[in-house]
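Residue numbers (the numbering used here), protein chains in the order written: chain A, 5 to 352; chain B, 5 to 352; chain C, 5 to 352.
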Amino acid sequence: MQTIQPLGWFFLDDEMKHFLSTTDYSRTELQHLLDQSAALKQHPVSDVLAGKTIALMFLNPSLRTRTSFEIASFQLGAHAVVLEPGKGAWGIEFEPGVVMDGDAEEHIVEVAGVLSRYCDAIALRAFPQFKDWSVDREDRVIRSLAQHASVPVINMETIVHPCQELAMMRTIQDHLGEPDQRKLLVTWTWHPRPLNTAVANSALLMASQFGMDITLLIPDEAYRLDPQFMQQAESQAARSGGRIQVSQDIEQAYRDADWVYAKSWGALPLYGQPAQEARLRAPFKHFMVDEAKMALTRNARFSHCLPLRRNVKATDGVMDSNDCVALDEAENRLHTQKALLLELLGGQ
Amino acid sequence: MQTIQPLGWFFLDDEMKHFLSTTDYSRTELQHLLDQSAALKQHPVSDVLAGKTIALMFLNPSLRTRTSFEIASFQLGAHAVVLEPGKGAWGIEFEPGVVMDGDAEEHIVEVAGVLSRYCDAIALRAFPQFKDWSVDREDRVIRSLAQHASVPVINMETIVHPCQELAMMRTIQDHLGEPDQRKLLVTWTWHPRPLNTAVANSALLMASQFGMDITLLIPDEAYRLDPQFMQQAESQAARSGGRIQVSQDIEQAYRDADWVYAKSWGALPLYGQPAQEARLRAPFKHFMVDEAKMALTRNARFSHCLPLRRNVKATDGVMDSNDCVALDEAENRLHTQKALLLELLGGQ
Amino acid sequence: MQTIQPLGWFFLDDEMKHFLSTTDYSRTELQHLLDQSAALKQHPVSDVLAGKTIALMFLNPSLRTRTSFEIASFQLGAHAVVLEPGKGAWGIEFEPGVVMDGDAEEHIVEVAGVLSRYCDAIALRAFPQFKDWSVDREDRVIRSLAQHASVPVINMETIVHPCQELAMMRTIQDHLGEPDQRKLLVTWTWHPRPLNTAVANSALLMASQFGMDITLLIPDEAYRLDPQFMQQAESQAARSGGRIQVSQDIEQAYRDADWVYAKSWGALPLYGQPAQEARLRAPFKHFMVDEAKMALTRNARFSHCLPLRRNVKATDGVMDSNDCVALDEAENRLHTQKALLLELLGGQ
Numbered sequence: 005m006q007t008i009q010p011l012g013w014f015f016l017d018d019e020m021k022h023f024l025s026t027t028d029y030s031r032t033e034l035q036h037l038l039d040q041s042a043a044l045k046q047h048p049v050s051d052v053l054a055g056k057t058i059a060l061m062f063l064n065p066s067l068r069t070r071t072s073f074e075i076a077s078f079q080l081g082a083h084a085v086v087l088e089p090g091k092g093a094w095g096i097e098f099e100p101g102v103v104m105d106g107d108a109e110e111h112i113v114e115v116a117g118v119l120s121r122y123c124d125a126i127a128l129r130a131f132p133q134f135k136d137w138s139v140d141r142e143d144r145v146i147r148s149l150a151q152h153a154s155v156p157v158i159n160m161e162t163i164v165h166p167c168q169e170l171a172m173m174r175t176i177q178d179h180l181g182e183p184d185q186r187k188l189l190v191t192w193t194w195h196p197r198p199l200n201t202a203v204a205n206s207a208l209l210m211a212s213q214f215g216m217d218i219t220l221l222i223p224d225e226a227y228r229l230d231p232q233f234m235q236q237a238e239s240q241a242a243r244s245g246g247r248i249q250v251s252q253d254i255e256q257a258y259r260d261a262d263w264v265y266a267k268s269w270g271a272l273p274l275y276g277q278p279a280q281e282a283r284l285r286a287p288f289k290h291f292m293v294d295e296a297k298m299a300l301t302r303n304a305r306f307s308h309c310l311p312l313r314r315n316v317k318a319t320d321g322v323m324d325s326n327d328c329v330a331l332d333e334a335e336n337r338l339h340t341q342k343a344l345l346l347e348l349l350g351g352q
Numbered sequence: 005m006q007t008i009q010p011l012g013w014f015f016l017d018d019e020m021k022h023f024l025s026t027t028d029y030s031r032t033e034l035q036h037l038l039d040q041s042a043a044l045k046q047h048p049v050s051d052v053l054a055g056k057t058i059a060l061m062f063l064n065p066s067l068r069t070r071t072s073f074e075i076a077s078f079q080l081g082a083h084a085v086v087l088e089p090g091k092g093a094w095g096i097e098f099e100p101g102v103v104m105d106g107d108a109e110e111h112i113v114e115v116a117g118v119l120s121r122y123c124d125a126i127a128l129r130a131f132p133q134f135k136d137w138s139v140d141r142e143d144r145v146i147r148s149l150a151q152h153a154s155v156p157v158i159n160m161e162t163i164v165h166p167c168q169e170l171a172m173m174r175t176i177q178d179h180l181g182e183p184d185q186r187k188l189l190v191t192w193t194w195h196p197r198p199l200n201t202a203v204a205n206s207a208l209l210m211a212s213q214f215g216m217d218i219t220l221l222i223p224d225e226a227y228r229l230d231p232q233f234m235q236q237a238e239s240q241a242a243r244s245g246g247r248i249q250v251s252q253d254i255e256q257a258y259r260d261a262d263w264v265y266a267k268s269w270g271a272l273p274l275y276g277q278p279a280q281e282a283r284l285r286a287p288f289k290h291f292m293v294d295e296a297k298m299a300l301t302r303n304a305r306f307s308h309c310l311p312l313r314r315n316v317k318a319t320d321g322v323m324d325s326n327d328c329v330a331l332d333e334a335e336n337r338l339h340t341q342k343a344l345l346l347e348l349l350g351g352q
Numbered sequence: 005m006q007t008i009q010p011l012g013w014f015f016l017d018d019e020m021k022h023f024l025s026t027t028d029y030s031r032t033e034l035q036h037l038l039d040q041s042a043a044l045k046q047h048p049v050s051d052v053l054a055g056k057t058i059a060l061m062f063l064n065p066s067l068r069t070r071t072s073f074e075i076a077s078f079q080l081g082a083h084a085v086v087l088e089p090g091k092g093a094w095g096i097e098f099e100p101g102v103v104m105d106g107d108a109e110e111h112i113v114e115v116a117g118v119l120s121r122y123c124d125a126i127a128l129r130a131f132p133q134f135k136d137w138s139v140d141r142e143d144r145v146i147r148s149l150a151q152h153a154s155v156p157v158i159n160m161e162t163i164v165h166p167c168q169e170l171a172m173m174r175t176i177q178d179h180l181g182e183p184d185q186r187k188l189l190v191t192w193t194w195h196p197r198p199l200n201t202a203v204a205n206s207a208l209l210m211a212s213q214f215g216m217d218i219t220l221l222i223p224d225e226a227y228r229l230d231p232q233f234m235q236q237a238e239s240q241a242a243r244s245g246g247r248i249q250v251s252q253d254i255e256q257a258y259r260d261a262d263w264v265y266a267k268s269w270g271a272l273p274l275y276g277q278p279a280q281e282a283r284l285r286a287p288f289k290h291f292m293v294d295e296a297k298m299a300l301t302r303n304a305r306f307s308h309c310l311p312l313r314r315n316v317k318a319t320d321g322v323m324d325s326n327d328c329v330a331l332d333e334a335e336n337r338l339h340t341q342k343a344l345l346l347e348l349l350g351g352q
């Protein structure tokens, strides 16, 4: 087996770093990860992380993220421990100073402390609670974990999904080369339930760092993303030479796009009110990606984070065409997460 | 660690092959697997599949199959990812062309596609739904998976259980040597619930390829197995020099048997009607394997796929006798599955 | 990777041994394990157990025990298979001779037999049922498993928790050196539910083997531990030069203590009657470990097996002080369990 040496990221020699959001990293640092991913795809198996361990904590179910992280660890010689505490709920206290005579049996201080003694990294999936966006937007679960851990913490999807961002950008570069000024359409699509905004937030955050010309297509103002992400993406675009516009005009949005990225999410003004949100959403099934819309683009590729409901978010014709690269993006989850593990765990 | 080279199966150089049913394989090919198993039992640990991965998908629970596959993978240097989507149900769409606005979040095309990108093989357990045999007998879940996967798919029990067949035949050969013309009794036994016919189907399919003289002992015509398996077994027996007869005469069936294999299953004409099936089944508790019946045999060995309800399917006396080889058969699950992995994953 | 040779325990050459309770081992044998643990902490990764496997069966949930055993196995080159049959219940028959026409699908004879064919050791967590202490005190589940297994069985907590004992004593020795005659306070604390006595039983059993001067602080006679453990601890103390006293006087108990170990448990006379037990327990919240109590000690360290409810069992001030070594004890679970695996699996 060939051993692949990690790139010498400067910050890893200086201080332990988490991977909570790509916005904590520069474009140069992110490109290092993407370059490393391409090398790892060529040489998938090594023992460079022999003896290392990572805890994968899923507060919400996962097939793709779990499988790709578990295999990424194995193919580098490391071992992933999969933990599913409470299946969605987690009897963990996050507030400091609380008298813990309620449901929570353990405080995040001890959870983070113990796992930091056992493992070389902790990865966490913790979806929002879908009750109060003013609470969920603070992303407190993973931030508490990171605050109290003494090993790197990796975000496997909370209100952003930075691992998906790496795979998305790796796939864009695989197919388009340099992403600067290329036209990315991020289109909302209908779905029977009001979903998490994480992947949409992340698509904007990543593409804006890489100078893309982004159009966010939404059916109604209520589907704008949270200002904290819109503003962050806009300021990143200003630095990178990219651009962000929000549109409700399907034809204009698809016109000349180089890349179409679809995702469904719930309207934040109706967060926690699924019945009302469903009524608002109902008239917009025609946002589904279909062949007619794709014909407006500049031979764009189509991708999605998966899972995808066929003939709801995109037609069979789009999914089964040669332009659909969703499986490539799924595969890149594996390669990019390996690069991430190598950088976070292999730096010493 | 000693490295064991896989036998050079011809078809693996030509095309990717699944392991859905032993009927897709010739006796020569199956015997290769059984010979390989014996060698692997002698040299259990190697790194011949280093870096390889397999997804084990359980739509139904498992201890034995999961443990034996997970350890088989580990002892060959590979890694098994255990997935339990939905615990019995699976929110997956199998029909082509459907508008997926119901429960299913993902289509089998993408599930198979993504896992094929991550793993070198996919193993699946998917029990029938026990509602409509005309649907379940088509075994659509695993056939859809195999159709859309680009890596080998292994059947860990659907309406057949070919991995159990390998272990059964390995155990027969360990104890009896050549199986041709040896008398195998496959006896129905009572159980509180109407169980899957898979192991019974499989016992017939495997034994008929190896020229055995098979008696299927049932308490009533309603307990005949599905014609697709009966006819397949009969045509295999015709080619191999074996024989199949169906009997309702306990004494005649046990007389001079070399091997007694017990299994319980529900009557197919009452499939999906458990209360009526229970009434039909009620008078037949005396089909339990006991010492008196075993005394009619030619010093036969007794085996079962496990789990087994003691003093319901077989008496303590039978289970604790030296003639009971059920643990040997369970152990052979490990060795035969290693041979299977080696052939399907180690061929290149 | 450096290979660490196991110490040459005499009994391993003679016969297979289980690890059900530390009382089956001499102080010399236990000290061997603790010394081995310290060496393993310095050299955590090796391949000394390459190809070996252990089944971890959890009838009750676990994060800490599961993670530490899984990583311990990996870092020694072995593989742990995590099994969670039935999530709390277990459809297993333990009685010999039963007609198994009820819920149980399998007998412990076959479960133990099959896992012994697949694995080099079996570890089990099986909490008591909290209905009838006269039944639970016999610890039948793990004893049946050990009786029928042909590989070592390890107790991951039943009505004792010997793995926790090893970590506790390793931590005491790390901080205090020789434990003989050092004053150990094992203090009951309030908790919203009546918990298992296992850790309290185990603290007494281990400390009494190592000559400690033990005070068991309880709020009421009803919180005395089962006589089988009290008497065993007393007879061990008599041999080791240690001492055990039971006290209801908080101030006297804390005075001059070298080590404070906290645990909550339910009163055995009200076992299976949680409402009545809650009334008995209600007035005793002031047994919480706080700074004022700790000030009475001889600069004692504080520890706990975790999870711990902050400001219920111990104050934030105690938990966040430099004297709290609960994370050290949690970490020592990993090192001591490695020593245990090495001794039980590496002896040949």
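Note that the Cβ used here is the ideal one computed from N, Cα and C, for glycine as well. Please read all numbers here as calculations on a predicted model, not as lab measurements.
| query | result |
| --- | --- |
| Three-state secondary structure (DSSP) of Gln-133/B | coil |
| Reduced DSSP secondary structure (H/G/I, E/B, other) of Leu-189/A | strand |
| Sequence-distant residues of the same chain with beta carbon closer than 6 Å to Lys-267/A, five excluded per side | Val-203, Ala-204 |
| Under 8 Å from the C-beta of Arg-121/A: neighbouring residues of chain C | Leu-331, Ala-334, Glu-335, Leu-338 |
| Cα-Cα separation between Lys-21/C and Pro-273/C, rounded to whole angstroms | 34 Å |
| Candidates Arg-121/B, Asp-140/B, Leu-284/B, Glu-33/B: closest to Ile-222/B by CA position | Leu-284/B |
| Selection of the region 294-312 of chain B by Cβ proximity to chain A, strictly under 8 Å | none |
| Neighbourhood of Gly-92/C by C-beta, 7 Å cutoff - its chain only, sequence neighbours within 5 removed | Here Gly-92/C scores only 48 on pLDDT, less than 50, and its place in the model should not be relied on; the value that follows carries that caveat. Here the set comprises Leu-63, Asn-64. |
| Chain C within 8 Å of Val-316/B, Cβ atoms only | yes |
| CB contact below 8 Å: Gln-79/A versus chain B | yes |
| Ala-242/B, buried or exposed, once every other Cβ within 10 Å from all chains shown has been counted against 16 | exposed |
| For Met-219/B, the residue or residues it bridges with in DSSP | Looking at the sequence itself, residue 219/B is Thr, so the reference to Met does not match. Thr-219/B is bridged to Leu-189/B, Gln-249/B. |
| Validate contact between the region 171-181 of chain C and the region 340-351 of chain B using beta carbons, cut 8 Å, 3 pairs | no |
| DSSP state of Ile-96/C mapped onto helix, strand, coil | strand |
| Pair within 8 Å by beta-carbon distance, Ser-251/A and Thr-219/A | yes |
| Segment contact flag, the region 204-218 of chain B with the region 230-242 of chain B, C-beta cutoff 8 Å, min 3 pairs | yes |
| Complete runs of the alpha helix (DSSP H) confined to the region 279-338 of chain C [at least 4 residues] | 295-298, 320-323 |
| Of the listed residues Leu-199/A, Arg-70/A, Met-216/A, Thr-57/A, nearest to Trp-263/A (C-alpha basis) | Met-216/A |
| Residue interval of the beta strand (DSSP E) (run including Thr-57/B) | 57-62 |
| Contact list for Val-118/A against chain C, beta-carbon separation under 7 Å | Arg-68, Leu-310, Leu-331, Ala-334 |
| Residues of its chain near Arg-31/A, where Cβ-Cβ distance is below 6 Å and the 5 sequence neighbours each way are ignored | Gln-213 |
| Local conformation of Glu-110/B per DSSP, three classes | strand |
| The region 70-84 of chain A in contact with the region 117-125 of chain B per 3-pair CB rule at 8 Å | yes |
| Beta-carbon proximity check, Arg-129/A vs Glu-161/A, cutoff 8 Å | yes |
| Any C-beta of chain B under 8 Å from that of Gly-92/C | At Gly-92/C the pLDDT is 48, less than 50, meaning the model places this residue with poor confidence and gives no usable figure here. |
| His-179/A in three-state terms, based on DSSP | helix |
| Beta-bridge pairing of His-83/C - partner residues as DSSP gives them | Thr-57/C |
| Stretch-stretch touch, CB-based, cutoff 8 Å, three pairs: the region 46-55 of chain A with the region 34-44 of chain C | no |
| Distance between Ile-58/B and Glu-88/B (C-alpha atoms, nearest Å) | 14 Å |
| Inter-residue spacing [alpha-carbon to alpha-carbon] between Lys-187/A and Asp-107/B | 34 Å |
| Between the CA atoms of Glu-142/B and Met-234/A - distance to the nearest angstrom | 51 Å |
| Distance, Asp-294/C Cα to Leu-60/A Cα | 34 Å |
| Distance CB(Tyr-258/B)-CB(Lys-297/B) smaller than 8 Å | yes |
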